[in-house]
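*Asks:* Residue numbers (this note's numbering): 8 to 305.
For every residue, glycine included, the Cβ atom is placed at its ideal position computed from N, Cα and C.
1. How is residue 139 classed by DSSP in three states: helix, strand or coil?
2. Taking the CB atoms as reference points, tell me whether residue 169 and residue 156 lie closer together than 8 Å.
3. How about residue 306 and residue 77: are their beta carbons less than 8 Å apart?
4. With contact counted as at least three CB pairs below 8 Å, one residue from each stretch, are the region 43 to 63 and the region 88 to 95 in contact?
5. Pull up the CB-CB distance for residue 59 and residue 129, whole angstroms please, since I reckon it's below 8 Å.
6. For the region 192 to 217, which segments carrying the alpha helix (DSSP H) assignment without a break, of at least 4 residues, lie completely within its bounds, in sequence order?
7. Alpha carbon to alpha carbon, how far is residue 11 from residue 30? Give it in angstroms, no decimals.
8. With distance defined between alpha-carbon atoms, name the residue in 192, 9, 133, 109 nearest to residue 225.
9. Distance check for residue 135 and residue 249, CA to CA, integer angstroms please.
10. Straight-line CA distance for residue 263 to residue 257?
11. Can you look up residue 119 in the DSSP assignment and give me helix, strand or coil?
12. For residue 227, tell me which candidate among 243, 238, 210 has the shortest Cα-Cα distance.
13. With DSSP run on the structure shown, which of helix, strand or coil describes residue 61?
14. So does the region 280 to 298 actually touch the region 228 to 236, counting three or more Cβ pairs closer than 8 Å?
15. So which of 152, 179, 215, 57 has the shortest CA-CA distance to residue 81?
16. Going by beta-carbon coordinates alone, are residue 173 and residue 151 separated by less than 8 Å?
17. Short of 8 Å in beta carbon distance, which residues of its chain neighbour residue 148, apart from the five on each side in sequence? Order them along the chain.
18. What does DSSP give as the partner residues of residue 165 in its beta bridges?
19. Whose C-alpha, out of 244, 75, 192, is nearest the C-alpha of residue 121?
20. If you check the beta carbons only, do residue 22 and residue 41 fall under 8 Å apart?
21. Jot down the residue ranges of each uninterrupted alpha helix (DSSP H) in the region 268 to 293, minimum 4 residues, whole runs only, in chain order.
22. In terms of residue numbering, what span does the alpha helix (DSSP H) encompassing residue 72 cover?
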């Protein structure tokens, strides 16, 4: 609350000034160490799912996304989301790494990039798989879906129409693409619209959108969170394989080539390894307990 109150007093241009930090009840001169500690502590508190603003997402819950029901957990949630945006903007402006990782669609939102069906994987992989399976059907109308979604909120079912009169419109081969677009829009935009708008407002107050054009969404995560310390041997040890590779495992020549390439400093830089990890898991974050603690997509 103290940091929130101080942020609310600031004008947009003041976020470009140098901040000095002092911890209540502690004596200390801020020569950079207190600033790093403040960024770490605020990030751990603000983005902690227990605080109610964000919820676990990604492959194994190692990243966070906006909690669509944050208002039920915190009556001042919109103010906190604006602060979260300002906090991320200030961290980027001050070259401070933060110990939190957002789901990839969040970085796309910050860059004004469109989200797609693939991005649903970040919040609900089974939903994305279900839509892909429907797409393969000869006649999708046999599923009996309408342009509605049903969500369970604290044990109560809530039905939402994706378009006006959606409850009376069946999903068919002809309108399936529109149905997918509506599902992506609802899950990644509409149901978190107020929270996302506040976060982006705060972020753009510090970093104008035009200055973000040099990044792609993967680079933005790396700049905000820093390059991870990747133990490739641990990564290889805890990797599962499918198909032909599952039968032969690490003895397969392609598997050997792959890990030789990833391990080699001349072939792969630290950033390229981080990007490979992003591609594989949806984030460059390595769990504190190593790759053995990273849950699979299934």
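*Replies:* Put simply:
1. helix
2. yes
3. Within the shown structure, residues of the chain are numbered from 8 to 305, placing residue 306 beyond reach of any answer.
4. yes
5. Actually they are not in contact, since the Cβ atoms of residue 59 and residue 129 sit about 19 Å apart, beyond 8 Å.
6. 200 to 213
7. 14 Å
8. 109
9. 20 Å
10. 6 Å
11. coil
12. 210
13. strand
14. yes
15. 57
16. no
17. 177, 178, 179, 180
18. 158
19. 192
20. no
21. 277 to 288
22. Where residue 72 is concerned, there is no enclosing alpha helix (DSSP H), although the beta strand (DSSP E) it sits in stretches over 70 to 73.
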